[in-house]
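Down below is the structure, laid out as structure tokens.
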């Protein structure tokens, strides 16, 4: 039986272990947990694996019955307050590793309720032979999971899943929304990013161009997911 201890979580929500001096991303585990695993894909610089058994658990029970299949909210097995700590650590690690700089101040994390917070969500649909399938896509797949309930959605939305599924076949495809571009204010930039790695790289570029890195922090806009929303402020010297 192959076993490993998870030492961190990356900015994509993947669990990271070092096995025989090679980075291995193990799905279904948490930092500090020891797991049995099976390799699913081997590459030159890293391997990908699936946890087959949790030997030393450090988790909570997911609230959603579709959790093991649905790719929408992959951190439900982590306590909500621990999720915030993970995401704060991800921002700090990415700044240190990719940009080698730190802001003058690290802002305290911003977060709200952990469940029933999504008042807007993008679902996928497929017209099957028997009925319309409505839900989120499966993990690392385009297959749609036909969800019957979702504890992440606001109750007003979750209660309408059945009605929406019934009406979908009568609707036309939505037209793409227009994109609004807002010019940067060059003397001060408030940078909002959904990718802390990109944020860290761009922060180094801005500092190199003469901007002062005033502060940075995370906003946990999407609990139960690996998304890390980052905000930072840069002033032109």
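Numbering (my numbering), first residue to last: 12 to 248.
For every residue, glycine included, the Cβ atom is placed at its ideal position computed from N, Cα and C.
The model shown is predicted, which means the values in this text are computed figures rather than measured ones.
Pairwise C-alpha distance: residue j and residue i
i	j	result
residue 77	residue 226	38 angstroms
residue 235	residue 44	18 angstroms
residue 134	residue 42	30 angstroms
residue 20	residue 245	27 angstroms
residue 141	residue 202	47 angstroms
residue 53	residue 28	14 angstroms
From the options, residue whose alpha carbon lies closest to that of residue i
i	options	result
residue 117	131, 125, 228, 90	228
residue 177	108, 137, 21	137
residue 148	235, 130, 83, 174	83
residue 151	129, 79, 122	79
residue 144	213, 112, 69, 173	173
residue 222	19, 237, 198, 44	198
residue 232	91, 71, 58	91
residue 51	36, 140, 40	36
Residues near residue i by beta carbon distance below 6 angstroms, same chain, minus five either side
i	result
residue 207	22, 101, 102, 105, 239, 241
residue 81	147, 156
residue 210	204, 241
Where the alpha helix (DSSP H) containing residue i begins and where it ends
i	result
residue 97	91-105
residue 216	207-219
residue 243	No alpha helix (DSSP H) holds residue 243; the beta strand (DSSP E) holding it covers 240-247.
residue 51	Here residue 51 belongs to no alpha helix (DSSP H); instead the beta strand (DSSP E) covers 45-53.
residue 168	166-169
Other residues of its chain near residue i: CB distance less than 8 angstroms, five sequence neighbours each side excluded
i	result
residue 184	With a pLDDT of 44 at residue 184, under the threshold of 50, the modelled position of that residue is not reliable, and no figure is offered here.
residue 49	13, 60, 61, 63
residue 98	120, 229, 231, 239
Whether residue i touches residue j by CB criterion (8 angstroms)
i	j	result
residue 75	residue 166	no
residue 85	residue 24	yes
residue 70	residue 89	yes
residue 57	residue 34	yes
Residues near residue i by beta carbon distance below 7 angstroms, same chain, minus five either side
i	result
residue 212	109, 110
Endpoints, the beta strand (DSSP E) within which residue i is located
i	result
residue 63	57-65
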